[in-house]
Every structure is written in structure tokens, then in C-alpha cells.
Amino acid sequence: MLSKDVTLHHLKKTAARDTDDYVFSQLIPYIGNKRKLLDIIHQAIDMTEVDGGSFVDLFSGSTVVARFAKKLGFRVLANDWEPYSEQIAIGTIVNNKEPTFLQLGGCENVFRMLNDVKPIEGYITNHLCPEDDQNINHEEDRLFFMRKNGMKIDAMRELISSWTNDGKISSEEFAYLMASLAYSVSYVSNTSGVFKGFHRGWGGSNGTAQYRICSDIELRPAILFDNGEKNISTREDAGKLVLELTNILGEIPDIIYLDPPYNQHPYGSNYHVLNTVTLWDKPDFPKKITRGTKSAIRLDWRTDRRSAYNSQRRAAQEFQELIDNITAKFILTSYSTDGNIPLEEMMNILGSKGSLSVVKREYVRYRVSPTRLSPKPRNVEFVVITNTAEKAASKEIINKIVTEISSIDSEIQS
Numbered sequence: 100m101l102s103k104d105v106t107l108h109h110l111k112k113t114a115a116r117d118t119d120d121y122v123f124s125q126l127i128p129y130i131g132n133k134r135k136l137l138d139i140i141h142q143a144i145d146m147t148e149v150d151g152g153s154f155v156d157l158f159s160g161s162t163v164v165a166r167f168a169k170k171l172g173f174r175v176l177a178n179d180w181e182p183y184s185e186q187i188a189i190g191t192i193v194n195n196k197e198p199t200f201l202q203l204g205g206c207e208n209v210f211r212m213l214n215d216v217k218p219i220e221g222y223i224t225n226h227l228c229p230e231d232d233q234n235i236n237h238e239e240d241r242l243f244f245m246r247k248n249g250m251k252i253d254a255m256r257e258l259i260s261s262w263t264n265d266g267k268i269s270s271e272e273f274a275y276l277m278a279s280l281a282y283s284v285s286y287v288s289n290t291s292g293v294f295k296g297f298h299r300g301w302g303g304s305n306g307t308a309q310y311r312i313c314s315d316i317e318l319r320p321a322i323l324f325d326n327g328e329k330n331i332s333t334r335e336d337a338g339k340l341v342l343e344l345t346n347i348l349g350e351i352p353d354i355i356y357l358d359p360p361y362n363q364h365p366y367g368s369n370y371h372v373l374n375t376v377t378l379w380d381k382p383d384f385p386k387k388i389t390r391g392t393k394s395a396i397r398l399d400w401r402t403d404r405r406s407a408y409n410s411q412r413r414a415a416q417e418f419q420e421l422i423d424n425i426t427a428k429f430i431l432t433s434y435s436t437d438g439n440i441p442l443e444e445m446m447n448i449l450g451s452k453g454s455l456s457v458v459k460r461e462y463v464r465y466r467v468s469p470t471r472l473s474p475k476p477r478n479v480e481f482v483v484i485t486n487t488a489e490k491a492a493s494k495e496i497i498n499k500i501v502t503e504i505s506s507i508d509s510e511i512q513s
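Right under this line is the structure:
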């Protein structure tokens with residue numbers, strides 16, 4: 100049954116900047132973000148008949164599903180191996196109440212100081228902004244932010260670093276600020292939400308979203324929710340973490356939710372600017388565009404966090420190993436008909452672990468721009484519920500599920 104106090108996505112009521120709903124507050128724009136699919140995720144959770152207990156989000160990303168589970172009353176463990184996601188999770192999942200910031204005069208004063216800080220020319224300004232917002236050199240300038248916002252981001256981040264170095268804020272307080280900063284940085288970015296590139300000119304040829312791109316960056320305290328539980332954030336490889344979950348939680352997880360990457364685009368490169376702002380390690384790139392450095396994508400996604408799920412060749416095997424090693428009462432798996440793992444192969448893998456049921460629906464795919472059409476604008480998004488206490492799914496059940504989903508996918512393409 101749908102809980103009366105949990106709001107599902109409604110565009111006009113849950114805009115991330117202005118909503119007063121915890122689940123959607125300051126939610127970063129994110130490819131694969133499940134905010135518009137929370138209805139079928141909620142159905143899947145209801146079908147488990149688990150009331151409270153533990154909920155593990157192994158690929159938490161923007162944290163929208165982890166927040167949703169937290170608001171439903173679960174004790175939540177949110178995991179993602181991207182640094183920005185970890186800080187968002189600590190800031191909004193681990194924290195149940197607004198941090199006190201006692202050494203800095205309280206939360207309201209901290210945000211006032213950050214918003215009033217004098218702009219400086221630092222790493223972001225010099226590497227990700229043009230020399231002149233009005234006279235752009237398109238051959239040399241990176242246009243991730245207007246210069247006025249780049250200078251403010253530099254000043255805010257340096258101030259937060261000074262507080263950290265001086266021991267004036269705790270790790271939870273730092274994460275609360277990082278969650279707000281990550282959202283605000285995304286809001287004023289000259290992108291469609293992905294940092295692999297930037298618009299040519301402010302908002303591109305159509306001036307898309309200039310109202311936010313050209314606005315002045317502002318930090319606001321994120322809305323929190325107290326579920327009365329000790330929630331956890333981790334930054335681990337999902338395949339390794341599942342081996343430790345029972346020890347970490349002190350019990351077998353009630354629900355493990357899986358939302359692995361679907362396609363070839365790594366999150367570490369898509370959101371590299373958020374990692375730079377989070378880590379503040381100032382990667383060594385030329386200040387101006389040179390061959391191969393137009394987007395200044397940091398390289399650690401290749402060396403430290405390359406995901407097998409981004410590979411058509413390796414995704415299914417990685418998923419098989421993950422499922423083999425999971426110990427949980429229920430496994431909920433979000434995926435789509437456009438994923439790297441073939442539908443039948445995924446169902447066979449999940450069906451080997453227990454009984455299967457599915458909730459599904461047609462979905463309009465992500466587009467970087469409303470003016471750029473996709474050759475396949477719709478797909479089928481689904482959530483598979485695996486009950487590990489029941490016997491493995493029969494071949495007949497698996498074939499039925501695959502046929503139903505494939506038929507819907509074929510119909511919406513015709």
C-alpha cells in the first residue's frame with residue numbers, strides 16, 4: 100500500500116530548487132535518476148510486504164531512491180563509489196537533522212557566510228570559465244560556468260576547505276555543505292545536466308535554460324528527514340560490498356535495491372566536475388582548451404572506477420557475480436530494455452536466486468535537449484522483485500516475463 104505521507108514525482112510540486120519535500124529537495128540532475136519511476140519502485144517495495152527493516156541502495160547515485168526508502172521508514176545504507184555521491188548521501192541520508200555548526204555560529208550563519216563570501220579567481224574560474232562572459236573565444240574557453248559563478252564557487256569551496264582544515268566543521272557538516280554545493284553547481288552549469296560537454300554560448304543556440312545558467316549561484320540548506328534510524332553511507336565497489344553487508348548492518352538485509360549503469364557512459368566522466376568540487380584536488384589540466392582537453396575530464400574514472408556495467412561484453416558476467424554473492428531477503432533490480440545486459444539473460448540470472456515478479460512501464464528516454472530527437476525515444480523500465488526465500492523461477496515464468504516486456508517494447512517502437 101502506498102504510504103500517505105510519501106509524495107511521488109510531480110514536476111510542478113517537486114522541482115529540486117523550490118520543493119519542500121525531502122525526497123526531491125536539491126536533487127542533482129542525473130542520467131538514470133529514478134525520481135519519475137518512484138511509483139513502480141514503490142509498488143515493488145510493497146510487493147515484498149516488508150514493513151520497515153533495512154534497505155540497501157547499492158548504486159545510489161543522486162540518492163533519490165535511498166531518500167524515498169528512508170522516508171518510508173527503512174534504515175538505509177546508501178552506497179556509490181563516486182565521491183560526490185558519497186558526500187550527498189552522508190549529507191542527506193546519514194544526517195537525520197540539520198547540523199548545528201556550533202563552532203561557526205549555527206547553520207543559518209554558515210550559509211550566510213558562504214553566500215556573502217567575496218568571489219575569487221581560482222581553479223574553477225581559470226579552468227572551466229571564459230575570460231569574459233560576453234566576449235567568448237570558442238576555440239580556447241571552456242564554458243561550464245559563467246565567470247561570475249566560477250569565482251563564487253572557488254570562494255565558497257576554499258572557505259569550506261579552511262573550515263575543514265581548522266577543525267571547525269565535522270565530516271557530517273562538511274557533507275551537508277557538499278550536498279548543497281553539488282546541487283547549486285549543477286543548477287548554474289552551462290550544461291543539460293551532464294558535464295561531458297558544455298553549450299556553445301550560454302544555453303546553446305536556443306538559449307536553453309538561461310534563467311538558471313545566468314543566475315547567481317546560491318547555497319540553501321537541504322531539507323532533511325529524521326527516520327529515527329542510524330543510516331549509513333559507504334563508497335565501495337558493489338561487488339565487494341555485498342560480501343560485508345550482514346556484518347555492517349548486524350543482520351541480513353531485508354531489501355537490496357540494484358540500479359546498475361545501463362549503458363556505455365561512465366558516471367565518473369559524466370559528472371567529473373562534481374568530483375573535482377567535492378575532492379578539491381584541482382586536477383592538472385591546461386587552463387585553455389588544447390587537443391583532447393576540451394571538457395577537462397579527470398582521469399581517475401578510468402584508473403579507479405571503471406565499471407564493467409558500461410561494457411556490453413562484461414556487464415552480464417559482472418551482474419551474475421554480484422547476484423551470486425548477495426545475501427538478502429529480497430532483491431529489487433531496476434533496469435530497462437535499452438540496457439547492456441540482455442533481458443532474457445538478466446531474468447535467468449535473477450531467477451536462479453529465487454521467485455520472480457515484475458512491475459513495468461513505458462518510459463520517455465533521457466534527451467540532452469528538447470530539440471534533439473532520439474532514434475528510440477521510448478523504452479520499457481522495469482523493477483524485478485526476487486524473493487530469495489522461494490525456489491528458483493521456472494523457465495516458463497522467465498519466458499513469460501521476457502515475452503511481456505519485449506512485446507511492450509516492440510509496440511511502443513512501432
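Counting in our numbering, the sequence shown runs from 100 upward without gaps. Note that the Cβ used here is the ideal one computed from N, Cα and C, for glycine as well.
Contact check, residue i vs residue j, beta carbons under 8 Å
i      : j      : result
Asn178 : Asp150 : no
Ser435 : Glu480 : yes
Met255 : Val216 : yes
Phe418 : Ile484 : no
Phe297 : Leu242 : yes
Asn369 : Asn439 : no
Ala427 : Ile347 : no
Tyr282 : Ile127 : yes
Ile422 : Ile448 : yes
Ala274 : Gly190 : yes
Thr224 : Met245 : no
Ser260 : Gln125 : no
Glu317 : Phe200 : no
Asn289 : Ile252 : no
Lys295 : Ser394 : yes
Glu239 : Ile388 : yes
His237 : Arg299 : yes
Ile144 : Ile354 : yes
Residue i, DSSP secondary structure in three states
i      : result
Ser279 : helix
Ile253 : It is worth fixing the name first, because residue 253 is Asp in this sequence and not Ile. Here Asp253 sits in helix by DSSP.
Glu230 : coil
Lys295 : coil
Glu461 : strand
Ala177 : strand
Arg211 : helix
Asp311 : In the sequence as displayed, the identity of residue 311 is Arg instead of Asp. Helix.
Asn486 : strand
Asp399 : helix
Cβ-based burial, residue i [other Cβ within 10 Å; buried from 16]
i      : result
Glu495 : exposed
Lys490 : exposed
Pro198 : buried
Tyr310 : exposed
Asp383 : exposed
Glu181 : buried
Ala488 : exposed
Gly450 : buried
Distance between residue j and residue i (C-alpha atoms, nearest Å)
i      : j      : result
Gly152 : Ile268 : 32 Å
Ile500 : Ser410 : 25 Å
Ala337 : Asn234 : 46 Å
Thr118 : Gly292 : 19 Å
Leu227 : Gln142 : 43 Å
Val372 : Arg334 : 18 Å
Ser332 : Leu340 : 12 Å
Ser454 : Glu444 : 15 Å
Asp231 : Arg166 : 40 Å
Glu257 : Tyr222 : 10 Å
Ser493 : Tyr183 : 41 Å
Lys196 : Leu276 : 13 Å
Arg401 : His364 : 12 Å
Ser161 : Lys452 : 28 Å
Asn248 : Leu344 : 41 Å
Contacts around residue i, its chain only, beta-carbon distance under 7 Å, and the 5 residues preceding and following it disregarded
i      : result
Lys82  : For the chain, the structure presents residues 100 to 513; residue 82 sits outside this window and is missing.
Ser314 : Val287
Own chain partners of residue i with C-beta closer than 8 Å, once the 5 adjacent residues on each side are dropped
i      : result
His507 : Correcting the residue identity first, residue 507 is Ile in this sequence and not His. Result list for Ile507: Lys459, Glu461 and Val479, in chain order.
Asp104 : Annotation note: pLDDT 45 at Asp104 (below 50); position unreliable, coordinate value reported separately. If we look at Asp104 and ignore the five residues flanking it on each side, its Cβ neighbours are Lys170.
Contacts around residue i, its chain only, beta-carbon distance under 6 Å, and the 5 residues preceding and following it disregarded
i      : result
Leu357 : Leu157 and Thr432
Pro359 : Phe158 and Tyr408
is_contact[residue i, chain C] using C-beta, thresh 8 Å
i      : result
Thr162 : Among the chains of the structure shown, chain C does not appear; only one protein chain is present.
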